[in-house]
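Residue numbers (my numbering): 13 to 342. C-beta: ideal position from N, C-alpha, C; glycine also. Reviewing the structure listed below.
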Ligand code: IPM
Ligand code: MN
């Protein structure tokens, strides 16, 4: 049966890169029905709607969602990020954000081959906090970090099972346990307890700041990393930078229980400064589509796309020229 895939181009370069990703999916011959959604800054500015409840209900019935990017300079920060992207992550319970990085040895390091598992529904992203006496000299703003045993454990278990399936079988926890002594303690204890069920794994721990150094100088120490939402956000931009640029970094927001659709998107943002210039690299979106195909059980098509992208260093040109050439190779 044809997969029903929701398409959210979003803002900025989002629609441009998603169009190229679909070009490449078309080239695989996988049969699917695209269900387009007009969501993002343009719709918000025109109608005031960010994500109507009826649309959210429709999304629940899809097999997967492919998203470009959200965020535009004309809309105040947070409206689209919180109201659209994070709301989808939370409402569809996409608790794993899986971000793979791979690159050959370079002047910087001996090569990158790792996967970051970012917890995707809790931490500082949960939206706990508020203002007191807003706009006055006595203003107070708090922004808490929510960490549940349940949420941490399911994420760590996912990462451990993934590490178990890989040749190196190595899992690193990244946090800041020396300063975040409550949240960090919960993460560390949960990690230690879950590891008792995975005796074949070798494990490591790095503080987030040290991990940033290792990402640049010694990324080969990592196989699978598990970390909290905000650390994972920052670390995966760095991951993109050390592995071919943020234009290559793909991600899957996963519902591992498959009780609803998972959402696939490039790690990069909407890059309003280069909209319409043809400068956007569509490879991150194309790789995200490959992850989607794999998750949908189309392993062969996914492998063909991955191969075409990883061998595409010789391809240059505009967004659409790169997409067309990768599609031809698929
Ligand atoms: C990402 C993005 C999002 C995040 C923004 C757009 C809300 O930066 O997917 O990494 O912070 O998670
Ligand atoms: Mn980010």
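Reference residue i, options the options, closest by Cα
i: residue 300; options: 225, 284, 52 and 262; result: 262
i: residue 159; options: 315, 316, 131 and 305; result: 131
i: residue 322; options: 219, 218 and 339; result: 339
i: residue 32; options: 58, 277, 307 and 311; result: 277
i: residue 314; options: 19, 13, 18 and 42; result: 42
i: residue 134; options: 126, 157, 146 and 170; result: 157
i: residue 171; options: 221, 239 and 279; result: 239
i: residue 328; options: 210, 194, 200 and 291; result: 291
i: residue 47; options: 126, 22, 16 and 28; result: 16
i: residue 161; options: 116, 330 and 200; result: 200
i: residue 104; options: 324, 341, 273 and 258; result: 273
i: residue 40; options: 320, 334, 128 and 163; result: 320
Residue i, enclosing beta strand (DSSP E) - first and last residue
i: residue 143; result: 141 to 144
i: residue 241; result: From DSSP, residue 241 is part of no beta strand (DSSP E) but of the alpha helix (DSSP H) over 241 to 254.
i: residue 45; result: 44 to 48
i: residue 17; result: 15 to 22
i: residue 274; result: 274 to 278
i: residue 130; result: 124 to 131
i: residue 409; result: Residue 409 is absent from the structure shown; the chain starts at 13 and stops at 342.
i: residue 153; result: 152 to 155
Where the alpha helix (DSSP H) containing residue i begins and where it ends
i: residue 229; result: 220 to 229
i: residue 333; result: 331 to 341
i: residue 163; result: 161 to 176
i: residue 319; result: 311 to 322
i: residue 306; result: 295 to 307
Residue i beta carbon near the ligand IPM (any heavy atom closer than 6 Å)
i: residue 245; result: yes
i: residue 69; result: no
i: residue 134; result: no
i: residue 97; result: yes
i: residue 205; result: no
i: residue 93; result: yes
Q. Does the region 72 to 87 come within contact of the region 44 to 56, defined as at least 3 CB pairs closer than 8 Å?
A. Look at the beta carbons and you see the region 72 to 87 touching the region 44 to 56: at least three pairs across the two are nearer than 8 Å.
Q: Taking only runs that begin and end inside the region 185 to 209, name each unbroken alpha helix (DSSP H) of 4 or more residues, in chain order.
A: Taking only runs of at least 4 residues, the alpha helix (DSSP H) segments lying wholly in the region 185 to 209 are 195 to 207.
Q.
So within the region 25 to 108, which uninterrupted alpha helix (DSSP H) runs reach at least 4 residues, ignoring any that extend past its ends?
A. Within the region 25 to 108, the complete alpha helix (DSSP H) runs of at least 4 residues are 26 to 40, 53 to 59, 65 to 72 and 99 to 103.
(Q) Under 8 Å, with one C-beta from each stretch per pair, do the region 173 to 185 and the region 134 to 154 reach the 3-pair mark? (A) The answer is no - the region 134 to 154 does not touch the region 173 to 185, with fewer than three Cβ pairs under 8 Å.
Q) Taking contact to mean at least 3 C-beta pairs separated by less than 8 Å, is the region 61 to 78 in contact with the region 95 to 111? A) Judged by Cβ distances under 8 Å, the region 61 to 78 makes contact with the region 95 to 111, as three or more pairs qualify.
Q. Can at least three beta-carbon pairs, one atom from the region 239 to 250 and one from the region 219 to 231, be found at a separation below 8 Å?
A. At 8 Å Cβ cutoff, the stretches touch.
Q | Cβ pair count under 8 Å reaching 3, the region 21 to 35 against the region 282 to 297 | A | Yes, they touch.
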